[in-house]
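Note sheet for the following structure.
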Amino acid sequence: MYLLFTNCNNTILFRRFFLFFNVKNLIIYIVATSLALSITLQEAYNEAVSGNGYDKYVILEPNQIYDGGLYMFEGDTYINCQGSTINLNGGAGISIFADDYYNATLDIEYCSVYNGETYGINYTGSSSGNVSNCNFISNDIGLVLMDYSEVNLKNSNFMDNHTYGLGIISEEPVLHATYSNFWDNQEGDCAENCPG
0 MYLLFTNCNN TILFRRFFLF FNVKNLIIYI VATSLALSIT LQEAYNEAVS GNGYDKYVIL
60 EPNQIYDGGL YMFEGDTYIN CQGSTINLNG GAGISIFADD YYNATLDIEY CSVYNGETYG
120 INYTGSSSGN VSNCNFISND IGLVLMDYSE VNLKNSNFMD NHTYGLGIIS EEPVLHATYS
180 NFWDNQEGDC AENCPG
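Just so you know, we're using numbering that gives the first Met the number 0 here: the sequence shown kicks off at 0 and counts up by one.
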């Protein structure tokens, strides 16, 4: 919308004025919409149903940002991010724990796991799973295996993690890794028996 005056300088001034407020309103709209429509990883997990042999079959919307971590203590879970990012917002990451009484597995693919305070994904107890085609970026440790966990790692990237890209804590975890890349992890790419 423009207000026209006979003076050319006034016309330019009012055009700039309305253009500024239209851009400002657009920015406010985008921020408000993204805040109102943001979804957490926990919400996506809670809404998921079973499928293909998994207790939780989570298919995230492609190329979105999901906030927060997730704790799993039982059941078989599949997460396909379809290229989306999981922003852990400086908090805990995705944790899977199993023991003799409660089995828990996580198969996860096509995810970028970002900004975890202690880890991106952590397999503990006797948990197991598959991690493929994932990126671990700017976590303390990208992927952590502890206790008696067993993980198959394939086609994944570990970049700019604050301590290690991959950390194996204790001597018992089993890792089968193929075709994965590590670079710019501050204290080292991989560490076995690293402090947890």
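The C-beta atom is built at its ideal place from N, Cα and C for all residues, glycine as well.
Strand pairing of residue i, partner residues [DSSP]
i              : result
glycine 74     : Ala103
aspartate 139  : Answer is none; aspartate 139 lacks a bridge partner.
glutamate 60   : DSSP output for glutamate 60 lists no bridge partner at all.
glycine 187    : Tyr163
aspartate 66   : Thr39, Asn86
serine 131     : Glu108, Lys153
asparagine 180 : Asn156
threonine 123  : Phe96
glycine 50     : Tyr53
asparagine 114 : According to DSSP, asparagine 114 bridges with nothing at all.
serine 79      : Contrary to the premise, residue 79 reads as asparagine rather than serine in this sequence. Its beta-bridge partners are Ile58, Glu108.
Nearest to residue i (by Cα), restricted to the options the options
i              : options                        : result
isoleucine 91  : Tyr122, Asn129, Glu108         : The question names isoleucine, yet the displayed sequence has alanine at residue 91. Among Tyr122, Asn129, Glu108, the Cα nearest to that of alanine 91 belongs to Tyr122.
tyrosine 44    : Tyr70, Trp182, Tyr100          : Tyr70
tryptophan 182 : Gly164, Glu171, Asn192, His175 : Gly164
proline 61     : Gly67, Asn79, Phe72            : Asn79
isoleucine 140 : Asp99, Gly50, Cys189, Asn151   : Cys189
histidine 175  : Leu40, Asn51, Asp99, Asn154    : Asn154
glutamate 73   : Asn129, Tyr178, Ala97          : Ala97
valine 173     : Leu144, Thr162, Asn184         : Leu144
aspartate 75   : Phe157, His161, Asn129         : Asn129
aspartate 146  : Ile95, Ile136, Gly50, Glu42    : Ile95
Span separating the alpha-carbon of residue i from that of residue j
i              : j                 : result
glutamine 63   : glycine 82        : 8 Å
glutamate 186  : tyrosine 53       : 36 Å
asparagine 180 : tyrosine 77       : 23 Å
glutamate 170  : glutamate 191     : 8 Å
serine 125     : tyrosine 101      : 9 Å
aspartate 66   : valine 112        : 10 Å
tyrosine 118   : isoleucine 168    : 12 Å
asparagine 86  : aspartate 99      : 32 Å
cysteine 133   : aspartate 159     : 14 Å
serine 37      : threonine 84      : 12 Å
asparagine 138 : threonine 162     : 8 Å
glutamate 46   : cysteine 110      : 19 Å
asparagine 184 : phenylalanine 157 : 7 Å
Contact test: residue i Cβ vs the ligand MG heavy atom, cutoff 7 Å
i             : result
aspartate 139 : Ligands displayed in this structure: none; no statement on the ligand MG is therefore possible.
Close-in-space but distant-in-sequence residues of the same chain around residue i (CB under 7 Å, 5 per side omitted)
i          : result
glycine 89 : Asn114, Glu116
serine 127 : Thr104, Ser148, Glu149, Val150
serine 131 : Glu108, Lys153, Asn154, Ser155
Spatial neighbours of residue i in its chain, beta-carbon cut-off 6 Å, leaving aside the 5 residues before and after
i             : result
isoleucine 93 : Gly68, Leu69, Ile120
isoleucine 58 : Asn79
leucine 40    : Tyr65, Gly67, Leu69, Ile85
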